[in-house]
Amino acid sequence: MPEDVRERLRQLMREGLAKELASRRRIVQGQCAWCGRPFAGTTRRRYCSLSCAQKAYRQRHHDEVLRRKREAYRRKKAWQEGQP
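So, in structure tokens, the structure goes:
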């Protein structure tokens, strides 16, 4: 980003015009990468909801998620066996 643009952004932030900057964000129609439903969002948005984003994360990190679940289960069982 050019320095003059950065300085202008800093100036706007100091003047309390963050709402103006937010209103300039480009809203586009997109399609959810998980379920395929259409949604309106910023250009960076990939999923229609937090639920779809979580499902996609779990699919991408399946082995890691399973490992964490197994560790949590083992800790719970060990704690329960230690209790009278």
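The numbering of the sequence shown is our numbering, which starts it at 4 and goes up by one. Backbone N, C-alpha and C define an ideal beta-carbon position, used for all residues, glycine too. Quantities reported herein were computed from a predicted structural model and do not represent experimental measurements.
Problem set entry | Contacting residues, own chain, Cβ-Cβ under 7 Å from Ala43 (five flanking each side not counted) | Here residue 43 corresponds to residue number 40 of the sequence shown, with the count starting at 1. Cβ neighbours of Ala43 beyond the five flanking positions: Ile30, Gln32.
Problem set entry | Enclosing alpha helix (DSSP H) for Gly85 [first to last residue] | Here residue 85 refers to the residue found at position 82 of the sequence shown. For Gly85, the enclosing alpha helix (DSSP H) begins and ends at 65 to 85.
For this session: Consult DSSP for Ala2 and reduce its assignment to one of helix, strand or coil.
Result: In the structure as shown, the chain begins at 4 and stops at 87. Residue 2 is therefore absent and cannot be evaluated.
Exercise. CB-CB under 6 Å to Arg34, same chain, minus the five flanking residues each way: which ones, in chain order?
Worked result: Looking up residue 34 in the sequence shown gives position 31. A small fix is needed here, since residue 34 is Gln in this sequence, not Arg. Once the five neighbours on either side are set aside, the close Cβ partners of Gln34 are Pro41.
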